[in-house]
Every structure is written in C-alpha cells, then in structure tokens.
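Below: the structure, in structure tokens.
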Amino acid sequence: MKWFSRVKISAFFLLATLAFIGCSKSPQQKAEELVKNYLKENLHDPQSYESVVFSKIDTIWDYQENKIEALEYGGKTLIEKYQDTLLISNALMALEANDMETYKSLTSNIGIQEKERISTLNQEDKSEYYKTADSIRQILKHFEMEKENIKKAPPIMDGFSIEHKYRAKNAMGAKVLNEATFMIDSELTSITNVKD
Numbered sequence: 153m154k155w156f157s158r159v160k161i162s163a164f165f166l167l168a169t170l171a172f173i174g175c176s177k178s179p180q181q182k183a184e185e186l187v188k189n190y191l192k193e194n195l196h197d198p199q200s201y202e203s204v205v206f207s208k209i210d211t212i213w214d215y216q217e218n219k220i221e222a223l224e225y226g227g228k229t230l231i232e233k234y235q236d237t238l239l240i241s242n243a244l245m246a247l248e249a250n251d252m253e254t255y256k257s258l259t260s261n262i263g264i265q266e267k268e269r270i271s272t273l274n275q276e277d278k279s280e281y282y283k284t285a286d287s288i289r290q291i292l293k294h295f296e297m298e299k300e301n302i303k304k305a306p307p308i309m310d311g312f313s314i315e316h317k318y319r320a321k322n323a324m325g326a327k328v329l330n331e332a333t334f335m336i337d338s339e340l341t342s343i344t345n346v347k348d
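Just so it is clear: in the sequence shown, position 182 is 334 by the numbering used here, and no numbers are missing.
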C-alpha cells in the first residue's frame, strides 16, 4: 500500500510540474505578445491589424564596443589637451638625465625661447610638470587596462529583437504591408525601440 501512495504522490508532482511548464509562455510567445500589444496601442487603426509573419526571436549581445571607443577617444583627447605638458615633462627628464640626443629630438619642433624657458624652470615648476604628466600617464594606463578587461569580458545579454510583418490601415485608410524590428528588454517585459 505504501508504494501505491508513493506512486500517487509522484504522479501528482509530475502532473503539477507538467501543468506549470505548460502554462508558462516561451520567449518567442512573450515577444510576439509584446509586439501585438505595442501595435494595438500605437497603430493608427488597431482594429485593422493583421499579423503576417514573425521572425524567430534573436538575442542582442552587447560587446561593449562603445565603451572601448569612449576610452580610446578619452585617451586621445587627454593626450591632445596635455601634449605640451607631456613633451615638456619628457624633455625635462632627458635634460636632467643629461640625454641631449633625446632632449633635442623632443624639442626639435619648438622655438628657441620655449627651449630656453624649459631649461631654466625652477624646481617647483618642474615638479608640477612631472606631477601632471605622471597623472596623465596613470590615467592613460588605466584606460588601456580597462580596454583590455572589456575585450576579455564575455558579451552582456542586452535584450532581444524580433522582426514582424503585418498589415494595418494607414492614416489614409488604405491597408498596407509594414515591416518593423522590435527591440525588447532582457526580461521580455517591454519594447525598448522600434525600427521601421
């Protein structure tokens, strides 16, 4: 008898699990429902809506190229803004190390007055150039490390997209065939963008 009640309990849990699984919607079904609801709220004549075909839902991956581009742009901008500071700092280091070849190479494109000014800077001014240049180098190094970390990181799932062809009446009352791509958030709860 005990085995019979165990079978009953097992059968009950199996049926409950199947019922639960059967009731939940697939990502495809959720996406299609979101699109239909969106169109009902946004079409000129929602009553005229006719679904033609949905594509399969597609995952949108964020490889974070925008962050890499932003870091590259930030580094480039920083170098451009502080180019003179970096040049003077490097020239001062070469001068203090008595490396005249490097000093001449670094200062070859600047005027005589500027070269003279660099060679006669007091220690406090030199320290300021060194500190600023060192800070810039640290920031650039951080940017490079961050870019490498982003490149090594796996892509981030950023949502879904689904294409849909449908017919609906336009503002003139003519039924026309439309095609749009719908971007959906990663939880499949809302449309985030539509591309016609």
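Beta carbons are placed, not taken as given, at the ideal position from N, Cα and C, and that holds for glycine. Keep in mind it's a predicted model, so treat the numbers as computed, not measured.
Next on the checklist: Pop quiz: Leu-329 and Lys-182 are said to be a contact at Cβ under 8 Å. What is the actual Cβ separation, rounded to whole angstroms?
Outcome noted: Here residue 329 is taken as the residue at index 177 of the sequence shown, counted from 1. Here residue 182 is taken as the residue at index 30 of the sequence shown, counted from 1. Rounded, the Cβ-Cβ distance is 25 Å, inconsistent with contact.
Item to check | Val-346 versus Lys-293: straight-line alpha-carbon distance, rounded | outcome: Position 194 of the sequence shown holds residue 346. Position 141 of the sequence shown holds residue 293. The straight-line gap from Cα to Cα measures roughly 39 Å.
Checklist entry - When the distance is taken between beta carbons, is Val-204 closer than 8 Å to Leu-314? => result The sequence position of residue 314 within the sequence shown is 162, counting from 1. The sequence position of residue 204 within the sequence shown is 52, counting from 1. Rather than Leu, the amino acid found at residue 314 in this sequence is Ile. The Cβ atoms of Ile-314 and Val-204 do not sit closer than 8 Å to each other.
Checklist entry - Looking at Ala-332 and Tyr-201, is the spacing between their C-beta atoms short of 8 Å? => result Indexing the sequence shown from 1 puts residue 201 at position 49. Indexing the sequence shown from 1 puts residue 332 at position 180. No, the pair does not count as a contact, with Cβ atoms beyond the cut-off.
Item to check | Euclidean distance between Cα positions of Phe-156 and Ser-178 | outcome: Along the sequence shown, one-based indexing puts residue 156 at 4. Along the sequence shown, one-based indexing puts residue 178 at 26. Residue placement at Phe-156 is flagged as unreliable, the pLDDT there being 48, under the threshold of 50; a coordinate-derived value is accordingly withheld.
Next on the checklist: Given this structure, state the Cα-to-Cα distance separating Lys-208 from Phe-312, to the nearest angstrom.
Outcome noted: By one-based count along the sequence shown, residue 208 stands at place 56. By one-based count along the sequence shown, residue 312 stands at place 160. Spanning the two alpha carbons is a distance of roughly 10 Å.
Checklist entry - Under 8 Å between the Cβ atoms of Tyr-281 and Leu-244? => result Here residue 281 refers to the residue found at position 129 when the sequence shown is read from its first residue. Here residue 244 refers to the residue found at position 92 when the sequence shown is read from its first residue. Yes, the Cβ-Cβ distance between Tyr-281 and Leu-244 is below 8 Å.
Item to check | Opposing strand residues paired with Gly-311 [DSSP bridges] | outcome: On the sequence shown, position 159 is the one that residue 311 refers to. Beta-bridge pairing links Gly-311 to Ile-212.
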